[in-house]
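Visitor: I am attaching a structure below and will ask some questions about it afterwards.
Protein chains: 2
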Amino acid sequence: MNELRTIRARSGTNQEGTSAHNRRVLIEAIRVNGPLSRAALARATHLTKQTVSNLIESLEADGLVASEDVVRGGRGQPSTPYRLVPEGAFALGVQIDRELTRIVAVDFLGREVARAVTDLPPGEPEEGSKVILHHIGNVRRELADRVPMSTQRLTGLGIAMPGPYGLKPSGDDPWMMAKWQSFPLVETLAAGTGLETTLQNDATACATAERMNGVADGIDHAVCLYFGYGIGAGLILGGEIYTGSNRNAGEIGMVLFSRGGTVAPFEHRSSFASLLQHLGLGTATTDAYEEVERLTLADDPRIRQWLEGAGADFRQAVHMVETIFDPETVILNGSAPPALSRRLFEAMHPPLPSIAERPGRTIPRVQLGMIDPWAVALGAAADPIRRAFDPLFSAILKEAP
Amino acid sequence: MNELRTIRARSGTNQEGTSAHNRRVLIEAIRVNGPLSRAALARATHLTKQTVSNLIESLEADGLVASEDVVRGGRGQPSTPYRLVPEGAFALGVQIDRELTRIVAVDFLGREVARAVTDLPPGEPEEGSKVILHHIGNVRRELADRVPMSTQRLTGLGIAMPGPYGLKPSGDDPWMMAKWQSFPLVETLAAGTGLETTLQNDATACATAERMNGVADGIDHAVCLYFGYGIGAGLILGGEIYTGSNRNAGEIGMVLFSRGGTVAPFEHRSSFASLLQHLGLGTATTDAYEEVERLTLADDPRIRQWLEGAGADFRQAVHMVETIFDPETVILNGSAPPALSRRLFEAMHPPLPSIAERPGRTIPRVQLGMIDPWAVALGAAADPIRRAFDPLFSAILKEAP
DNA sequence: AGACTTAAGTCAATACATTTGACTTAATAA
DNA sequence: TTATTAAGTCAAATGTATTGACTTAAGTCT
Chain L
1188 MNELRTIRAR SGTNQEGTSA HNRRVLIEAI RVNGPLSRAA LARATHLTKQ TVSNLIESLE
1248 ADGLVASEDV VRGGRGQPST PYRLVPEGAF ALGVQIDREL TRIVAVDFLG REVARAVTDL
1308 PPGEPEEGSK VILHHIGNVR RELADRVPMS TQRLTGLGIA MPGPYGLKPS GDDPWMMAKW
1368 QSFPLVETLA AGTGLETTLQ NDATACATAE RMNGVADGID HAVCLYFGYG IGAGLILGGE
1428 IYTGSNRNAG EIGMVLFSRG GTVAPFEHRS SFASLLQHLG LGTATTDAYE EVERLTLADD
1488 PRIRQWLEGA GADFRQAVHM VETIFDPETV ILNGSAPPAL SRRLFEAMHP PLPSIAERPG
1548 RTIPRVQLGM IDPWAVALGA AADPIRRAFD PLFSAILKEA P
Chain V
1188 MNELRTIRAR SGTNQEGTSA HNRRVLIEAI RVNGPLSRAA LARATHLTKQ TVSNLIESLE
1248 ADGLVASEDV VRGGRGQPST PYRLVPEGAF ALGVQIDREL TRIVAVDFLG REVARAVTDL
1308 PPGEPEEGSK VILHHIGNVR RELADRVPMS TQRLTGLGIA MPGPYGLKPS GDDPWMMAKW
1368 QSFPLVETLA AGTGLETTLQ NDATACATAE RMNGVADGID HAVCLYFGYG IGAGLILGGE
1428 IYTGSNRNAG EIGMVLFSRG GTVAPFEHRS SFASLLQHLG LGTATTDAYE EVERLTLADD
1488 PRIRQWLEGA GADFRQAVHM VETIFDPETV ILNGSAPPAL SRRLFEAMHP PLPSIAERPG
1548 RTIPRVQLGM IDPWAVALGA AADPIRRAFD PLFSAILKEA P
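Chains L and V, in that order, give the protein sequences. For the first sequence, our numbering begins at 1188 and goes up steadily by one. For the second sequence, our numbering begins at 1188 and goes up steadily by one.
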């Protein structure tokens, strides 16, 4: 008995892991490049034609890919490209935000199939989560109505909620977020739906959406600056979403920034929340959201003034993440009013000189990503799909027997 | 011919990848836990006893592991633990720094077997690299003398050099570093030695050493703050060293910090270089290094003063990396005079409140790592070993045929 | 028009790594 | 002495990917 001490080790793998990885690789190759023939897939993945053939056959049998029209036009036998079948998989996503709860069902490509919005249930999370479960049930039913086969193909439930997680609830908690953050939400919703459930912060969820459908599709190193109620960073590192040791990675809004001699957390002066405060719109209602959209389009001077400061902070943030992460690109996305996000994007130019300014660069240093208020919910829903079908290191590993 | 466009895809894998991964997993399990029996390895990695037996046999045949004395003391057949054989692999490392070039040979466990120091060759890198190659040859010969079999087991050559890489050389370049940074050093040394050659910046190299032999051994999420001539961060993310899209990740010294109302890059006021400047010791010689060690031990007031500012900056840096990376721990290491590094470590306490201050924490938020001036060279040498024997995602992937 | 070339895709046999379940070995505990 | 527990082995089975020859179907060349 020398084994009281726990052994730290990574899992091994086996043929199952091999084929699981190869299936995922094929799916991603098609997702990123569009429809590809078996031969093209073999070239792309370095697998043999035969292996690709076998796997494509099994993916087709599983309803995940389907052949398209034969392509002629070159020498040799014409090729048959395969595309992803949208109805191959589905997932649900919930975004729990300060003001609202958004629920969405997406297909294999991450596209919306059904949605619902409701207020964040007041009171304790214990009862609130029952309300959320009720609405999830509605969306699930709507999905089942539209695509009956989807019930067999539900991959899981993704939750997105502002971080950070796992801290002691503080006294100052206007929107009850701290209570939700320390509530065992994953377990509760998993039990209530019977689905595998995952949790991300809003910035990470937005990055997930960005990778599934947006600007980061196929990019292996990107930092997504999330501009919303708070500010966060969604990290795509080495082709995988990175969340740190406690799912709190990217809480960039809490980094201390100095502006005009005073130091404050980034998001205290440059988040959407800070703008609402600047405008005297205390409550974070849908009305306030639309009001800001209006004011922005009207080029309100108070917004111009706020943008000057926030723009400077965001330029500094771009400089910081470029310096720290050395990404291929930085993406601005979020859930603030779209017109405002666009103005902020403009205010981030030109980016400060940094190591990202190297000769031979092909993609822009800063890009505008998803600024749809539903982006976070879509990203939440995309997470189970990504976990089930993306080529991840963890996917090859054996589970405990 | 619809294939002019390049296809982006990750490689697939096969049985070779499977067994390669499993071998690496076994090696790492032993490295992290110390000697383990076949049965214990099976439990740790979730592989079957039989698979572990087969792999251990092949690892033993390859001279990478060896059995230890039988362990009795429990019921059942006594177990035979296996340990790593230090002579199983070797690698060379070169640290090219502003003042010196250090060359070292290490064994499978990352321990030094031979070393050499020389000045950074003056003049153009083209001739300088010839001088370096000459010294590498000497160390290689010394290694071969001490361990004759090592010539068959040389894994590669690791280079460590201050970053950032790939930028246009600037005019201001007192130590010729910029010229070295834009010189094709990897290709030159690879051609000159016939060894597989890799390049890291000094902070990353130090993190590599930390993971192989130091505080980060077995930790999957850690940020190593490197305190040396400049300042950098070595990133251990998800169990792998992260270097970004252009090997420039972690160039944290260039992040703008505010102190007393003025903004400047972190390393302008808190690096060892800045202290030398503060002390009026312009040149970065070994003498200056020893002088600072002396002054620190004598508790010189100028050093105390500098430490006050630098300590504040480093506390802010800890806050920043905790907020951004959510690591299990932050490690201070580097190549500055050891006494100074220790004083700086003290000056970093207590760390600022941050999201890392969570209930249930087991390891300290900040730890002192390697502050040996040879740490960087050792890390450089450890890199080829790590690439050849650590469980990396990239290691399972097929190469182009 | 006919022969040639190129490329996609299939077939059947093979190779290779893990798995399975029964078995052997060797210790402590009762 | 016997039972129990655990380490480790054996040999057959299983499940992937691979190999090399083959088929199919187009375009190209003479």
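Glycine is no exception: its CB is placed at the ideal position from the N, C-alpha and C atoms. Being a predicted model, the structure only gives us computed values, none of them experimental.
Check whether the region 1261–1277 of chain L and the region 1540–1560 of chain L are in contact - that is, three or more C-beta pairs closer than 8 Å.
Guide: With the cut-off at 8 Å, the region 1261–1277 of chain L and the region 1540–1560 of chain L do not touch.
Visitor: Report the partner residues of residue 1409 of chain L according to the DSSP bridge assignment.
Guide: The residue you call residue 1409 of chain L lines up with position 222 of the first sequence. L/1423, L/1516.
Visitor: Cα-Cα, which of L/1465, L/1532, L/1565 is closest to residue 1400 of chain L?
Guide: For the purposes of this step, residue 1400 of chain L is identified with residue 213 of the first sequence, where counting begins at 1. Answer by Cα proximity: L/1565.
Visitor: Closest to residue 1435 of chain V by CA distance: which of V/1487, V/1537, V/1450, V/1349 is it?
Guide: Counted from its first residue, the second sequence places residue 1435 of chain V at position 248. Closest by alpha carbon: V/1349.
Visitor: Nearest chain V C-beta to residue 1232 of chain L closer than 8 Å, yes or no?
Guide: Residue numbering aside, residue 1232 of chain L sits at position 45 when the first sequence is read from its first letter. Yes, its Cβ sits closer than 8 Å to a Cβ of chain V.
Visitor: Which residue from L/1541, L/1514, L/1346, L/1334 puts its Cα closest to that of residue 1403 of chain L?
Guide: Residue numbering aside, residue 1403 of chain L sits at position 216 when the first sequence is read from its first letter. Here the closest residue by C-alpha is L/1514.
Visitor: When you compare the CB positions of residue 1195 of chain V and residue 1239 of chain L, do they come within less than 8 Å of one another, or not?
Guide: Along the second sequence, one-based indexing puts residue 1195 of chain V at 8. Along the first sequence, one-based indexing puts residue 1239 of chain L at 52. Not in contact: residue 1195 of chain V and residue 1239 of chain L (Cβ atoms no closer than 8 Å).
Visitor: Identify the contact partners of residue 1515 of chain L in chain V, using a Cβ-Cβ distance below 8 Å as the criterion.
Guide: Along the first sequence, read from residue 1 onward, the residue named residue 1515 of chain L stands at position 328. Those within 8 Å of residue 1515 of chain L in chain V are 1432.
Visitor: Does residue 1519 of chain L have its Cβ less than 8 Å from a Cβ in chain V?
Guide: For the purposes of this step, residue 1519 of chain L is taken as the residue at position 332 of the first sequence. Judged by the 8 Å Cβ criterion, residue 1519 of chain L is not in contact with chain V.
Visitor: Please work out which residues of its chain come closer than 8 Å, Cβ to Cβ, to residue 1372 of chain V, disregarding the five sequence neighbours upstream and downstream, and give them in chain order.
Guide: One-based indexing of the second sequence puts residue 1372 of chain V at position 185. Answer for residue 1372 of chain V: 1283, 1312, 1316, 1346, 1348, 1386, listed in chain order.
Visitor: Please report the straight-line C-alpha distance between residue 1570 of chain L and residue 1337 of chain L, rounded to a whole angstrom.
Guide: Sequence index remark: in the first sequence, residue 1570 of chain L carries index 383 (1-based). Sequence index remark: in the first sequence, residue 1337 of chain L carries index 150 (1-based). Rounded to whole angstroms, residue 1570 of chain L to residue 1337 of chain L spans 17 Å at the Cα level.
Visitor: When you check each C-beta in the region 1561–1584 of chain V against every C-beta of chain L, which residues fall closer than 7 Å?
Guide: Residues 1578, 1580, 1583.
Visitor: If distances are taken between C-alpha atoms only, which option among L/1464, L/1233, L/1251 comes closest to residue 1269 of chain L?
Guide: In the first sequence, the residue the question calls residue 1269 of chain L occupies position 82. For residue 1269 of chain L, the nearest C-alpha among the options comes from L/1251.
Visitor: Exposed or buried, which one is residue 1201 of chain L when buried takes at least 16 other CB atoms within 10 Å?
Guide: Translated into the one-based positions of the first sequence, residue 1201 of chain L becomes position 14. When all chains shown are included, residue 1201 of chain L counts as buried.
Visitor: Determine the DSSP secondary structure at residue 1417 of chain V, reduced to helix, strand or coil.
Guide: Indexing the second sequence from 1 puts residue 1417 of chain V at position 230. Looking at residue 1417 of chain V - three-state DSSP - the assignment turns out to be coil, as it is neither helix nor strand.
Visitor: Can you find a C-beta in chain V that's less than 8 Å from the C-beta of residue 1223 of chain L?
Guide: Within the first sequence, the letter at position 36 stands for residue 1223 of chain L. Cβ-Cβ to chain V under 8 Å: yes for residue 1223 of chain L.
Visitor: Consult DSSP for residue 1387 of chain L and reduce its assignment to one of helix, strand or coil.
Guide: Looking up residue 1387 of chain L in the first sequence gives position 200. DSSP places residue 1387 of chain L in strand when its eight states are reduced to three.
Visitor: What does the alpha-carbon distance come out to for the pair residue 1216 of chain L and residue 1579 of chain L?
Guide: Against the first sequence, residue 1216 of chain L aligns to sequence position 29. Against the first sequence, residue 1579 of chain L aligns to sequence position 392. The straight-line gap from Cα to Cα measures roughly 14 Å.
Visitor: For residue 1504 of chain L, which option in L/1568, L/1248, L/1476, L/1414 has the closest C-alpha, if you only look at C-alpha atoms?
Guide: As a position in the first sequence, residue 1504 of chain L is number 317, starting the count at 1. Cα-wise, what sits closest to residue 1504 of chain L is L/1414.
Visitor: Where do the N-terminal and C-terminal ends of the alpha helix (DSSP H) with residue 1243 of chain L fall, by residue?
Guide: As a first step, residue 1243 of chain L must be located in the first sequence, where it is residue number 56. Residues 1236–1248.
Visitor: Compare the C-beta of residue 1443 of chain L with all C-beta atoms of chain V and state if any pair is closer than 8 Å.
Guide: As a position in the first sequence, residue 1443 of chain L is number 256, starting the count at 1. True, the Cβ-Cβ gap to chain V drops below 8 Å.
Visitor: Indicate whether residue 1281 of chain V and residue 1344 of chain V have their beta-carbon atoms separated by less than 8 Å.
Guide: Along the second sequence, read from residue 1 onward, the residue named residue 1281 of chain V stands at position 94. Along the second sequence, read from residue 1 onward, the residue named residue 1344 of chain V stands at position 157. Yes; because the gap between Cβ atoms is below 8 Å, this pair is in contact.
Visitor: Determine the DSSP secondary structure at residue 1200 of chain V, reduced to helix, strand or coil.
Guide: Within the second sequence, residue 1200 of chain V is the residue found at index 13, counting from 1. Three-state result, residue 1200 of chain V: coil.
Visitor: Is the CB of residue 1507 of chain L under 8 Å away from at least one CB in chain V?
Guide: Taking the first residue of the first sequence as position 1, residue 1507 of chain L is located at position 320. By this cut-off, residue 1507 of chain L is an interface position.
Visitor: In the DSSP assignment, find the beta strand (DSSP E) that holds residue 1299 of chain V and state where it starts and stops.
Guide: Looking up residue 1299 of chain V in the second sequence gives position 112. Residues 1299–1306.
Visitor: With burial defined as no fewer than 16 other Cβ atoms inside 10 Å of the residue's Cβ, what is the status of residue 1473 of chain L: buried or exposed?
Guide: In the first sequence, counting from the first residue as 1, residue 1473 of chain L sits at position 286. Residue 1473 of chain L is exposed by the Cβ-count criterion.
Visitor: Does residue 1510 of chain L come out as helix, strand or coil in the three-state DSSP assignment?
Guide: For this step, residue 1510 of chain L is matched to residue 323 along the first sequence. In this structure, residue 1510 of chain L counts as helix in the three-state DSSP scheme.
Visitor: Using 8 Å as the Cβ pair cut-off and three pairs as the minimum, do the region 1516–1526 of chain V and the region 1412–1427 of chain V touch?
Guide: As far as the Cβ criterion goes, the region 1516–1526 of chain V touches the region 1412–1427 of chain V, which means the pair count is three or higher.
Visitor: Work out the CA separation of residue 1211 of chain V and residue 1188 of chain L for me, nearest whole Å.
Guide: Working through the first sequence from its first residue, we reach residue 1188 of chain L at position 1. Working through the second sequence from its first residue, we reach residue 1211 of chain V at position 24. Confidence at residue 1188 of chain L is low in this model, with a pLDDT of 36, below 50, so the placement of that residue is unreliable and no value is reported for it.
Visitor: Any beta carbon from chain L within less than 8 Å of residue 1209 of chain V's own beta carbon?
Guide: For the purposes of this step, residue 1209 of chain V is identified with residue 22 of the second sequence, where counting begins at 1. True, the Cβ-Cβ gap to chain L drops below 8 Å.
Visitor: With distances taken from CA atoms, which of L/1298, L/1558, L/1431, L/1197 is nearest residue 1542 of chain V?
Guide: Locating residue 1542 of chain V in the second sequence gives position 355, counting from the first residue. Here the closest residue by C-alpha is L/1431.
Visitor: Just how far apart, CA to CA, sit residue 1540 of chain L and residue 1502 of chain L?
Guide: The residue you call residue 1540 of chain L lines up with position 353 of the first sequence. The residue you call residue 1502 of chain L lines up with position 315 of the first sequence. The straight-line gap from Cα to Cα measures roughly 10 Å.
Visitor: Report the partner residues of residue 1549 of chain L according to the DSSP bridge assignment.
Guide: Stepping through the first sequence from its first residue, residue 1549 of chain L is reached at position 362. According to DSSP, which records beta bridges pairwise, residue 1549 of chain L is partnered with nothing at all.
Visitor: By DSSP, does residue 1458 of chain V sit in helix, in strand, or in coil?
Guide: As a working note, residue 1458 of chain V is residue 271 in the second sequence. Looking at residue 1458 of chain V - three-state DSSP - the assignment turns out to be coil, as it is neither helix nor strand.
Visitor: Quick check: what's the CA-CA separation for residue 1307 of chain V versus residue 1475 of chain V?
Guide: Residue 1307 of chain V sits at position 120 when you count from the first residue of the second sequence. Residue 1475 of chain V sits at position 288 when you count from the first residue of the second sequence. C-alpha separation (whole angstroms): 16 Å.
Visitor: Spell out the partners DSSP gives residue 1288 of chain L in its beta bridges.
Guide: Residue numbering aside, residue 1288 of chain L sits at position 101 when the first sequence is read from its first letter. Answer is L/1283, L/1305.
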